[in-house]
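J.: Take this structure, written in structure tokens, and hold onto it; I'll ask about it next.
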Amino acid sequence: MTGRLQGKSALVTAAGQGMGRAAVLAFAREGARVIATDLKPELLAGLPAGVSTRQLDVLDDAAVQAFVEGMAAVDILFNCAGYVHQGTILDCSVADWDFSFDLNVRSMFVLTKAMLPKMIGAGGGVILNMASVLGAHKAAPNRLAYAASKAAVAGFTRALAVDHVKQGIRVNCVCPGTVDTPSLGDRIQAFADPVQARKDFVARQPMGRLATAEEIAETFVYLVSDESSFMTGQAIFVDGGMSL
Ligand code: NAD
1 MTGRLQGKSA LVTAAGQGMG RAAVLAFARE GARVIATDLK PELLAGLPAG
51 VSTRQLDVLD DAAVQAFVEG MAAVDILFNC AGYVHQGTIL DCSVADWDFS
101 FDLNVRSMFV LTKAMLPKMI GAGGGVILNM ASVLGAHKAA PNRLAYAASK
151 AAVAGFTRAL AVDHVKQGIR VNCVCPGTVD TPSLGDRIQA FADPVQARKD
201 FVARQPMGRL ATAEEIAETF VYLVSDESSF MTGQAIFVDG GMSL
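In this text, residue positions in the sequence shown follow the working numbering: the first is 1, and each later residue adds one.
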């Protein structure tokens, strides 16, 4: 059976663990030639043969620029890197705010700006951005900088999509609910009562469970494949009903 991404090349950021890694595995399974990048190269170990790996800090503009200059256009760019700052505006320093926007939004701007001319030159491509149900649709307590930055991802996605639709570029973002990934586990452990914290995270989804990274990755495959060829500028919620 031919994979849905046969013959395509894909670049994934933050691919060492969580949804970025699940995306790499799903894209490779579907036949894509994948370049998996992460801040921490040790996390890129153990990916299937055929996946190329590369250390890349998406906050390092010069490194991102040099990396893209040295490569051919990709068909698929997945901007996955991001992080959660917890707290209200009163808990959020200017440095916290800046870091949230730098990692969650500015990094997408820098990498996309570098890669897009190559994609246009190659006749088109697909860009997928990582947003969240928080910010892109609803708020939750103690997520001020996170929600604001993920809302910006949805706006960035729409603006990019409308500007480049006539050049064969499609751009969408995914808005997951709560996904069982290593960083979520770390955040749960940081609570005074981790058992209760996990129950609280589960309760946010009417489905009564967390998502797995693998099931969210099936939506990534759909959005970067030709199955979604008439879709651009959209924020797609995969959230166990959290946005309802
Ligand atoms: P994770 O947070 O467990 O892993 C994040 C990865 O990003 C790590 O491998 C880390 O090394 C890498 N990384 C961190 N800083 C980096 C940098 N400067 N450059 C390159 N890589 C860097 O994975 P996750 O929970 O799947 O989160 C991935 C994305 O999904 C994030 O944008 C996050 O905001 C978003 N998201 C997560 C959830 C969730 O519940 N887990 C829900 C919605 C959205």
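Backbone N, C-alpha and C fix where the C-beta goes; we use that ideal spot for every residue, glycine too.
Contact check, T58 vs V34 under 8 Å by CB: the rounded distance?
T.: Within the sequence shown, numbered from 1, the residue matching residue 58 stands at position 58. Within the sequence shown, numbered from 1, the residue matching residue 34 stands at position 34. Checking the displayed sequence, the identity of residue 58 turns out to be Val instead of Thr. Their Cβ separation, rounded to whole angstroms, is 17 Å, which puts V58 and V34 out of contact at 8 Å.
J.: Heavy atom of ligand 1 less than 8 Å from the Cβ of N104, yes or no?
T.: The count along the sequence shown starts at 1 and reaches residue 104 at position 104. For ligand 1, at least one heavy atom lies less than 8 Å from the Cβ of N104.
J.: In the DSSP assignment, find the beta strand (DSSP E) that holds T53 and state where it starts and stops.
T.: For the purposes of this step, residue 53 is identified with residue 53 of the sequence shown, where counting begins at 1. Per DSSP, T53 belongs to the beta strand (DSSP E) from S52 to Q55.
J.: Does DSSP classify A62 as helix, strand or coil?
T.: For the purposes of this step, residue 62 is identified with residue 62 of the sequence shown, where counting begins at 1. Looking at A62 - three-state DSSP - the assignment turns out to be helix.
J.: As a quick exercise: from A140, K199, P194 and P117, pick the residue whose alpha carbon is nearest that of D75.
T.: Start at 1 with the first residue of the sequence shown, and residue 75 comes out as number 75. D75 has its Cα closest to that of P117, out of A140, K199, P194 and P117.
J.: Which first and last residues belong to the alpha helix (DSSP H) in which R158 is found?
T.: Counted from its first residue, the sequence shown places residue 158 at position 158. That run of the alpha helix (DSSP H) goes L144 to H164.
J.: Just to confirm, are F156 and V105 a CB contact at a threshold of 9 Å?
T.: One-based indexing of the sequence shown puts residue 156 at position 156. One-based indexing of the sequence shown puts residue 105 at position 105. Contact flag set, yes.
J.: Using CA atoms only, rank isn't needed, just tell me which of G18, L5, S9 and G7 is closest to P176.
T.: Translated into positions along the sequence shown, residue 176 becomes position 176. Nearest option by C-alpha distance: G18.
J.: Is it true that the region 41-55 meets the region 138-156, where meeting means three or more beta-carbon pairs spaced less than 8 Å apart?
T.: Judged by Cβ distances under 8 Å, the region 41-55 makes no contact with the region 138-156, as fewer than three pairs qualify.
J.: Roughly how many angstroms separate the alpha carbons of C80 and I127, rounded to a whole number?
T.: Position 80 of the sequence shown, counted from the first residue, corresponds to residue 80. Position 127 of the sequence shown, counted from the first residue, corresponds to residue 127. Looking at the two C-alpha atoms, the distance is approximately 11 Å.
J.: Return yes when at least one heavy atom of ligand 1 lies under 8 Å from the C-beta of M130, else no.
T.: Residue numbering aside, residue 130 sits at position 130 when the sequence shown is read from its first letter. Yes, ligand 1 has a heavy atom inside 8 Å of this Cβ.
J.: Determine the direct distance from the alpha carbon of Q86 to that of M119, and round the result to whole angstroms.
T.: Locating residue 119 in the sequence shown gives position 119, counting from the first residue. Locating residue 86 in the sequence shown gives position 86, counting from the first residue. Answer to the nearest angstrom: the Cα atoms are 36 Å apart.
J.: Rounding to the nearest angstrom, what Cα-Cα distance links S243 and R29 in this structure?
T.: Walking along the sequence shown from the start, residue 243 turns up at place 243. Walking along the sequence shown from the start, residue 29 turns up at place 29. Rounded to whole angstroms, S243 to R29 spans 30 Å at the Cα level.
J.: Let me check you understand the geometry: is the CB of K150 closer than 8 Å to at least one non-hydrogen atom of ligand 1?
T.: Within the sequence shown, residue 150 is the residue found at index 150, counting from 1. Within the cutoff, so yes.
J.: What is the DSSP secondary structure of R21, reduced to helix, strand or coil?
T.: In the sequence shown, the residue the question calls residue 21 occupies position 21. Helix.
J.: Go through its chain and collect everything with a Cβ distance to Q6's Cβ below 7 Å, but skip five positions before and after it.
T.: Position 6 of the sequence shown, counted from the start, is the residue given in the question as residue 6. Answer for Q6: G31, listed in chain order.
J.: By how many angstroms is the C-alpha of M71 removed from the C-alpha of G241?
T.: As a position in the sequence shown, residue 241 is number 241, starting the count at 1. As a position in the sequence shown, residue 71 is number 71, starting the count at 1. Going from the Cα of G241 to the Cα of M71 covers about 40 Å.
J.: Confirm, please, whether the CB-CB distance from A26 to A15 is below 9 Å.
T.: Against the sequence shown, residue 15 aligns to sequence position 15. Against the sequence shown, residue 26 aligns to sequence position 26. Result no, Cβ atoms of A15 and A26 do not sit closer than 9 Å.
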